[in-house]
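**Q** This note's numbering puts the sequence shown at residues 2 to 137. Backbone N, C-alpha and C fix where the C-beta goes; we use that ideal spot for every residue, glycine too.
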Amino acid sequence: MSEPAVDSTASAHFTVAPSDLASALNLEPADAFPPVFATSRMVALMELAASRVLRPHLREGETSVGVSLDVAHSAATPPGATVTATARFVGREGKLFVFEVLAADNAGEIGRCTHKRAIVTVERLVGGAARRGAKA
2 MSEPAVDSTA SAHFTVAPSD LASALNLEPA DAFPPVFATS RMVALMELAA
52 SRVLRPHLRE GETSVGVSLD VAHSAATPPG ATVTATARFV GREGKLFVFE
102 VLAADNAGEI GRCTHKRAIV TVERLVGGAA RRGAKA
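The structure is reproduced here in structure tokens:
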């Protein structure tokens, strides 16, 4: 596998839909979250941006997976706004690839994180999940 250059970047963006709101996570009446962009969806967008930095460097049958995130969600975003996450590769810690990721909407920064990803084979990943499912 090749490796991205330090400071390589990639972005991912989308328009906040009703399914991206914290209120969509209300599984029972006591779960009363507001109709603003959910932190979990921001994290997913951040992971997607970081995975795009690695994608050109993967071999056939490989994928990258998130291992850890240290995230801060600092501003609320309304439905209909466009959110962009931009990941910057900062280096490696052993086998892990480390990224700084910034998320912003049209009004400015809404969050940032340090994110670590690992490269795995899809076969190993899916096989491990299947073994866990068999134990349930």
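(1) In terms of residue numbering, what span does the beta strand (DSSP E) encompassing valine 68 cover?
(2) Give the secondary structure of leucine 46 by DSSP, where H, G and I count as helix, E and B as strand, and everything else as coil.
(3) In the DSSP output, which residue or residues are listed as bridge partners for histidine 116?
(4) Under the three-state reduction of DSSP, which class applies to glutamate 94: helix, strand or coil?
(5) Distance check for glutamate 61 and valine 72, CA to CA, integer angstroms please.
(6) Does glycine 109 come out as helix, strand or coil in the three-state DSSP assignment?
(7) Whole angstroms is fine: what's the gap from glycine 95's alpha carbon to alanine 31's?
**A** Looking at the coordinates:
(1) 63-74
(2) helix
(3) Leu70, Phe100
(4) strand
(5) 31 Å
(6) strand
(7) 43 Å
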